[in-house]
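Chains as they are written, first to last, in this note's numbering: chain A, 81 to 377; chain B, 7 to 311.
Written out as structure tokens, the structure reads:
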């Protein structure tokens with residue numbers, strides 16, 4: 081009786097695990113099977129033609145890459161500095177530390193659509209309009225959706241990812257390293273720059289990659305901060321709008337007048353986005369595993 | 007004192023100030039998020055926009071018709087839609103994720119544990135727009151014909167899509183909680199003659215319960231705020247009904263679908279920011295509750311937070 085229960089229970093939990101893994105396999109498999117045929121060099125290097133039913137998705141790939149690059153330029157240095165504050169300077173009982181801690185944890189759980197609203201209200205309506213009033217005599221230059229503001233919005237969204245990952249690695253650096261460095265007469269800053277950070281580059285890399293992977297797949301924050309469905313020209317300035325893979329998928333899947341005609345292309349676009357985010361995620365996981373092995377050695 | 011050392015000391019103090027400054031800016035930005043979203047909704051509180059007040063979005067008549075001669079901005083159908091879809095998602099995701107977490111933490115042979123967890127976490131790496139696409143193109147028609155539903159896009163389909171998105175969170179957080187239970191709990195139980203599954207169910211799971219609570223609460227928060235999946239597959243009709251077979255519209259999807267075409271500063275614009283503020287507050291509270299649960303787990307297992 082007990083043995084039967086035992087076996088059934090383990091079998092049940094195993095089934096649940098298999099069901100979840102099977103769902104993952106079905107989703108990925110379906111997209112790979114339907115998306116692989118149209119995937120070609122032309123597809124990733126050409127612009128769309130004939131109302132998105134032919135050609136490629138180069139502008140959307142370029143837009144996605146530009147946004148995550150601009151985003152990382154803002155989020156990574158900023159996130160690393162805040163992580164240094166957490167791991168090296170903050171005293172657990174200080175008020176600034178407690179507040180920042182709560183704020184960062186909370187930020188990680190705020191829905192991405194709220195970041196979109198924030199981007200519109202803060203970056204575009206306040207900062208952008210402010211720049212226009214101050215520097216361009218009220219002419220509309222920065223006070224509108226653009227690649228710059230989309231990237232900044234995304235940077236705020238991915239900031240907690242960078243902070244949390246980097247902080248974890250900084251804390252993994254053994255205490256003796258700090259003590260040895262300080263005992264030799266190095267200042268705190270020298271210790272951080274010459275001893276702690278060189279030991280933590282993998283954490284910084286992991287944080288950056290996880291942030292980029294998140295940023296590449298998010299659509300809600302760029303809906304009103306700069307993404308456009310179709311642009312005849314590639315973006316050349318920070319205040320241009322841009323096409324983005326995720327947004328492209330959303331519009332093609334929901335608002336296309338002829339879903340059957342665009343479906344093959346749509347599948348391949350999804351596959352490109354999936355490959356991009358998976359490669360980034362796997363790289364991050366590999367770096368992290370190596371890092372953990374190193375830390376426990 | 008050597009001039010070089012003095013200079014280095016000064017640099018050190020300056021760097022410390024700069025680092026503190028950045029940390030301060032980080033909190034400032036986070037508070038600004040709330041401030042700037044709430045600020046655009048503020049005129050509602052002062053009652054200066056098109057007769058909308060803080061109370062009117064919640065009182066009868068319960069209809070959301072933002073684009074009409076006499077626009078109606080009532081968020082009750084949206085809240086009901088959100089809760090309906092979220093509840094379906096949690097009902098599907100929680101048992102599956104919890105069972106898989108139990109398997110991974112308690113029963114899986116050592117070598118398979120190494121890859122099961124990262125594999126399930128890959129599910130979290132799938133962008134939500136891709137998940138929405140998959141449900142829309144592949145699952146929706148299949149669910150409709152299997153269950154004989156009148157609508158292809160409905161609350162149930164959206165709930166299933168959303169379940170895929172919250173599964174990895176519930177799984178990861180509860181698996182972490184189960185693995186955090188010290189081995190001597192298991193050893194004591196097994197030594198008393200309990201079987202492996204009795205130990206898992208009666209000893210490890212109860213000990214890790216606050217962590218499971220955290221997992222569900224955090225999954226709930228994620229589900230409420232998730233936008234792209236529900237925007238793509240819920241049918242987006244603001245119907246006040248509990249029927250899972252009918253199309254539904256959520257708070258997040260409403261913002262995503264309507265903010266693009268709204269007149270800046272209009273009543274509609276204000277109401278959408280009001281919804282954003284609501285989402286911010288609700289998810290923050292859930293987040294906070296999740297953190298409390300995690301804390302109480304650590305106190306329970308290790309005696310300190």
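For every residue, glycine included, the Cβ atom is placed at its ideal position computed from N, Cα and C.
From the DSSP output, in three-state form, read off residue i for me.
i	result
residue 116 of chain A	coil
residue 219 of chain B	helix
residue 50 of chain B	helix
residue 157 of chain A	helix
residue 222 of chain A	coil
residue 68 of chain B	coil
residue 79 of chain B	strand
residue 271 of chain B	coil
residue 241 of chain B	strand
residue 132 of chain B	coil
residue 173 of chain A	coil
residue 192 of chain A	helix
residue 231 of chain B	helix
Excluding the five sequence neighbours on either side, which residues of its own chain have a C-beta within less than 8 Å of the C-beta of residue i, listed in chain order?
i	result
residue 154 of chain A	231, 232 and 235
residue 298 of chain A	192, 234, 237 and 326
residue 333 of chain A	339 and 346
residue 118 of chain A	344, 345, 347 and 348
residue 267 of chain A	none
residue 75 of chain B	none
residue 274 of chain A	261 and 266
residue 205 of chain A	223
Looking at residue i and the ligand ATP, is the gap between the Cβ and the nearest heavy atom below 6 Å?
i	result
residue 238 of chain A	In the structure on display, the ligand ATP does not appear, and there are no ligands present to speak of.
Roughly how many angstroms separate the alpha carbons of residue i and residue j, rounded to a whole number?
i	j	result
residue 143 of chain B	residue 346 of chain A	10 Å
residue 123 of chain B	residue 182 of chain A	28 Å
residue 178 of chain A	residue 177 of chain B	28 Å
residue 207 of chain B	residue 103 of chain A	26 Å
residue 377 of chain A	residue 15 of chain B	Reliability fails at residue 377 of chain A, whose pLDDT of 49 lies under 50, so the model's placement of it is uncertain and the value that follows must be treated cautiously. Cα to Cα, residue 377 of chain A sits roughly 35 Å from residue 15 of chain B.
residue 98 of chain A	residue 112 of chain B	16 Å
residue 73 of chain B	residue 279 of chain B	16 Å
residue 166 of chain B	residue 224 of chain A	37 Å
residue 331 of chain A	residue 227 of chain A	18 Å
residue 321 of chain A	residue 265 of chain A	52 Å
residue 219 of chain B	residue 185 of chain B	15 Å
residue 175 of chain B	residue 11 of chain B	50 Å
residue 169 of chain B	residue 235 of chain B	10 Å
residue 311 of chain A	residue 132 of chain B	26 Å
residue 216 of chain B	residue 103 of chain B	16 Å
Given that residue i touches chain B, what residues does it touch there, using C-beta distances under 9 Å?
i	result
residue 86 of chain A	201, 202, 203 and 204
residue 169 of chain A	22, 25, 26 and 29
Which chain A residues sit within Cβ distance under 7 Å of residue i?
i	result
residue 289 of chain B	189, 190 and 191
residue 105 of chain B	92, 93 and 96
residue 124 of chain B	365
residue 258 of chain B	191 and 193
residue 262 of chain B	193, 300 and 303
Starting from the beta carbon of residue i, find every residue of chain B whose beta carbon is closer than 8 Å, and list them in chain order.
i	result
residue 183 of chain A	32, 33, 36 and 37
residue 202 of chain A	38, 39 and 42
From the DSSP output, read off the bridge partner residues of residue i.
i	result
residue 128 of chain A	A:135
residue 329 of chain B	Outside the displayed span of chain B (7 to 311) sits residue 329 of chain B, for which this structure offers no information.
residue 453 of chain A	No answer is possible for residue 453 of chain A: the residues shown for chain A start at 81 and end at 377.
residue 339 of chain A	Beta-bridge pairing links residue 339 of chain A to no other residue.
residue 114 of chain B	Answer is none; residue 114 of chain B lacks a bridge partner.
residue 55 of chain B	B:58
residue 254 of chain B	B:241
Along chain B, in chain order, which residues have C-beta atoms closer than 7 Å to that of residue i?
i	result
residue 103 of chain A	170
residue 180 of chain A	29, 32 and 33
residue 123 of chain A	The contacting residues do not exist; residue 123 of chain A stays about 17 Å from chain B at best.
Between residue i and the rest of its own chain, which residues show a CB-CB distance below 7 Å, the 5 nearest in sequence each way excluded?
i	result
residue 219 of chain A	212
residue 240 of chain A	184, 187 and 188
residue 136 of chain A	122, 123, 124, 125, 126, 127 and 128
residue 289 of chain A	360, 363 and 364
residue 115 of chain A	347, 348, 350 and 351
Counting only the same chain and skipping the five closest in sequence on each side, list residues whose C-beta sits under 6 Å from that of residue i.
i	result
residue 338 of chain A	none
residue 193 of chain B	none
residue 251 of chain A	167
residue 44 of chain B	283
Just the chain A side, please: which residues come within less than 9 Å of residue i by C-beta, in chain order?
i	result
residue 73 of chain B	Per Cβ cutoff of 9 Å: no residues; residue 73 of chain B is ~17 Å from chain A at best.
Which chain A residues are close to residue i, counting only those with a beta carbon under 8 Å from its beta carbon?
i	result
residue 45 of chain B	201
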